[in-house]
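Numbering-wise, our numbering puts 355 at position 317 of the sequence shown, and it's gapless, one number per residue.
We treat Cβ as the ideally placed atom computed from N, Cα and C, and that holds for glycine.
Scroll down for the structure; my scribbles are underneath it.
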Amino acid sequence: MDAREALVALNLIPNVGPVRVRQLLEVFGEAPAILRASRSQLLHVRGIGEDTAQAIASWETTIDLGAELKRIEEFGCRIVIQSDPEYPELLRQLYDPPLVLYVKGTLLPGDKNSVAMVGSRLTTHYGIETARKLAYQLAYLGVTVVSGGARGIDSAAHQGALAAKGRTLAVLGTGINLVTPPENARLFEQIAASGALITQFPFNRPGDKQSFPIRNRIVAGMTLGTVVVEANLTSGALITANFAAEYNRQVFAVPGRIDSPRSKGCHDLIKKGAKLCESAEDILTEFEYLFPPSNRPSAPGAPGMLPAIELSPNEQAVYDTLNSEEVPIDDIIRKSGLPPSVVSVALLSLEMKRLVRQLPGKLFVRNT
Numbered sequence: 039m040d041a042r043e044a045l046v047a048l049n050l051i052p053n054v055g056p057v058r059v060r061q062l063l064e065v066f067g068e069a070p071a072i073l074r075a076s077r078s079q080l081l082h083v084r085g086i087g088e089d090t091a092q093a094i095a096s097w098e099t100t101i102d103l104g105a106e107l108k109r110i111e112e113f114g115c116r117i118v119i120q121s122d123p124e125y126p127e128l129l130r131q132l133y134d135p136p137l138v139l140y141v142k143g144t145l146l147p148g149d150k151n152s153v154a155m156v157g158s159r160l161t162t163h164y165g166i167e168t169a170r171k172l173a174y175q176l177a178y179l180g181v182t183v184v185s186g187g188a189r190g191i192d193s194a195a196h197q198g199a200l201a202a203k204g205r206t207l208a209v210l211g212t213g214i215n216l217v218t219p220p221e222n223a224r225l226f227e228q229i230a231a232s233g234a235l236i237t238q239f240p241f242n243r244p245g246d247k248q249s250f251p252i253r254n255r256i257v258a259g260m261t262l263g264t265v266v267v268e269a270n271l272t273s274g275a276l277i278t279a280n281f282a283a284e285y286n287r288q289v290f291a292v293p294g295r296i297d298s299p300r301s302k303g304c305h306d307l308i309k310k311g312a313k314l315c316e317s318a319e320d321i322l323t324e325f326e327y328l329f330p331p332s333n334r335p336s337a338p339g340a341p342g343m344l345p346a347i348e349l350s351p352n353e354q355a356v357y358d359t360l361n362s363e364e365v366p367i368d369d370i371i372r373k374s375g376l377p378p379s380v381v382s383v384a385l386l387s388l389e390m391k392r393l394v395r396q397l398p399g400k401l402f403v404r405n406t
């Protein structure tokens with residue numbers, strides 16, 4: 039048995055979490071040695087009581103590790119542990135990171151530049167459209183959008199990122215083989231194809247009042263900041279925001295109507311110091327190091343000269359409508375012939391690339 043298999047087994051044992059395993063590793067050195075230890079040896083470890091020692095010592099009589107490993111192989115997912123390079127770096131920095139992650143899809147180095155987007159399952163049209171728009175803009179600019187795969191704001195965030203052909207990760211509060219809600223089966227397939235499904239829970243583990251807060255901890259822990267789009271005062275999204283604040287990550291909240299119960303949670307976050315979020319730009323200005331002005335190497339043979347920035351066709355069409363004089367956004371839309379939503383995303387991207395400046399009154403000029 040190798041360390042990966044041993045950690046899968048330890049993860050299957052009830053009430054043996056990351057903190058206890060870390061204490062055990064300090065004594066036994068490696069995960070397989072923990073499973074080989076006797077009950078009396080385990081009891082000598084700080085923080086290990088009678089029930090935990092008995093559960094670990096008798097694990098082979100209660101845990102079918104072989105069946106779990108077979109399910110992992112047949113489902114087409116894999117186990118990622120903390121020593122793997124693809125284990126999310128921000129998550130690894132927590133006091134109690136998950137022992138294992140079940141992953142279907144790909145985790146890429148660029149996913150370190152990720153933002154969580156969460157909110158209520160019971161939403162308004164405003165909340166859904168706002169989540170889709172923000173996620174689209176972030177994903178279009180290369181930021182990975184992380185959410186929980188739930189009904190409502192979570193699903194809208196994933197859909198927006200996919201529409202932008204960007205990266206999105208869904209952290210589940212169930213076993214990776216369970217689709218919750220059932221109508222998200224197709225969405226989960228799309229996420230796995232262009233990002234990843236992630237969970238710390240073993241196969242067939244249903245969601246409950248314990249698993250979803252644990253899921254929210256991972257969402258907040260693996261991202262640079264958390265955006266709450268729409269949430270009432272009892273929404274689980276506020277748990278994610280609280281975890282983000284605890285981990286010293288930025289918290290953003292999208293305002294809503296003052297008489298809408300669905301936005302009360304967001305307004306409460308803003309009162310407590312969350313950054314008010316009206317656009318993707320409000321998020322990205324907190325992480326300007328993602329788009330530093332000198333993030334391009336000098337051109338070969340031309341010291342001090344930077345190569346031309348590559349623009350997408352939409353960005354080029356919008357850029358061509360601008361000059362050194364102020365241009366209203368309505369004129370940009372008319373001259374470019376592009377839909378307003380496409381123009382807005384292109385302008386945001388050009389701002390992030392330091393090619394365009396926005397002036398008061400939705401006026402734009404080229405940077406000179």
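Using CA atoms only, rank isn't needed, just tell me which of the options is closest to residue i.
{"i": "E324", "options": "Y357, M390, T272, F281", "result": "M390"}
{"i": "N215", "options": "E227, T206, L207", "result": "E227"}
{"i": "N242", "options": "E348, V394, I110", "result": "I110"}
{"i": "Y133", "options": "N286, S350, D102", "result": "N286"}
{"i": "L73", "options": "N53, P52, L48", "result": "L48"}
{"i": "L207", "options": "D122, T182, L271", "result": "T182"}
{"i": "R205", "options": "S185, S379, T162, R300", "result": "S185"}
{"i": "K203", "options": "N352, G187, S232", "result": "S232"}
{"i": "L386", "options": "Y357, V153, L262", "result": "Y357"}
{"i": "P351", "options": "I367, N361, S374, P366", "result": "S374"}
{"i": "A201", "options": "G180, A188, E98", "result": "G180"}
{"i": "A283", "options": "V257, V403, Q79", "result": "V257"}
{"i": "L271", "options": "R300, I252, N280, P251", "result": "R300"}
{"i": "Y164", "options": "R295, N53, E221", "result": "R295"}
{"i": "S121", "options": "F113, G104, L139", "result": "L139"}
{"i": "I51", "options": "R404, A91, A384, A355", "result": "A91"}
What distance in whole Å lies between the Cβ atoms of residue j and residue i, which are believed to be in contact at a cut-off of 8 Å?
{"i": "G211", "j": "V266", "result": "About 17 Å; that fails the 8 Å criterion."}
{"i": "V394", "j": "L401", "result": "With a Cβ gap of about 11 Å, V394 and L401 do not count as contacting."}
{"i": "C115", "j": "K142", "result": "4 Å"}
{"i": "T218", "j": "G245", "result": "6 Å"}
On the criterion of 16 or more Cβ atoms from any shown chain inside 10 Å, does residue i qualify as buried, or is it exposed?
{"i": "L397", "result": "exposed"}
{"i": "E88", "result": "exposed"}
{"i": "I382", "result": "With the sequence shown as reference, residue 382 is identified as Ser, and Ile is not the correct amino acid for it. So S382 counts as buried."}
{"i": "E137", "result": "Looking at the sequence provided, one finds Leu at residue 137 rather than Glu. With 16 or more Cβ atoms within 10 Å of its Cβ, L137 is classed as buried."}
{"i": "L175", "result": "With the sequence shown as reference, residue 175 is identified as Gln, and Leu is not the correct amino acid for it. Buried, because 16 or more other Cβ atoms sit within 10 Å of the Cβ of Q175."}
{"i": "R223", "result": "The question names Arg, but residue 223 is Ala in the sequence shown. Exposed, because fewer than 16 other Cβ atoms sit within 10 Å of the Cβ of A223."}
{"i": "G274", "result": "buried"}
{"i": "P147", "result": "exposed"}
{"i": "E106", "result": "buried"}
{"i": "G263", "result": "buried"}
Ordered along the chain, which non-local residues of its own chain (more than five positions away) have a Cβ less than 7 Å from that of residue i?
{"i": "R84", "result": "Q61"}
{"i": "A169", "result": "M155, G157, I191, A194, A195, G198, V267"}
{"i": "A291", "result": "V266, C304, L307, I308, A312, L314, C315"}
{"i": "P378", "result": "I371"}
Could you tell me which residues DSSP puts in a beta bridge with residue i?
{"i": "R392", "result": "BP columns for R392 are empty, so no partner."}
{"i": "S185", "result": "A208"}
{"i": "L401", "result": "P366, L397"}
{"i": "Y140", "result": "I117, T237"}
{"i": "S78", "result": "None, per the DSSP bridge assignment."}
Below 8 Å CB to CB, which residues in the same chain sit around residue i once its five sequence neighbours on both sides are set aside?
{"i": "L172", "result": "M155, A195, G198, V265, V267, V292, C315, S317, A318, I321"}
{"i": "S249", "result": "G211, T212, F239, R243"}
Among the residues of its own chain, which have a CB less than 6 Å from the CB of residue i, if the five just before and after it don't count?
{"i": "A416", "result": "No statement about residue 416 is possible, as the shown extent of the chain runs from 39 to 406 and does not include it."}
{"i": "A380", "result": "Residue identity differs from the one stated: residue 380 is Val in this sequence, not Ala. N352, listed in sequence order."}
{"i": "L128", "result": "M260"}
Can you confirm whether residue i, when its beta carbon is compared against all beta carbons of chain D, has any partner nearer than 8 Å?
{"i": "A194", "result": "Reference to chain D is not applicable here, since this structure consists of a single protein chain."}
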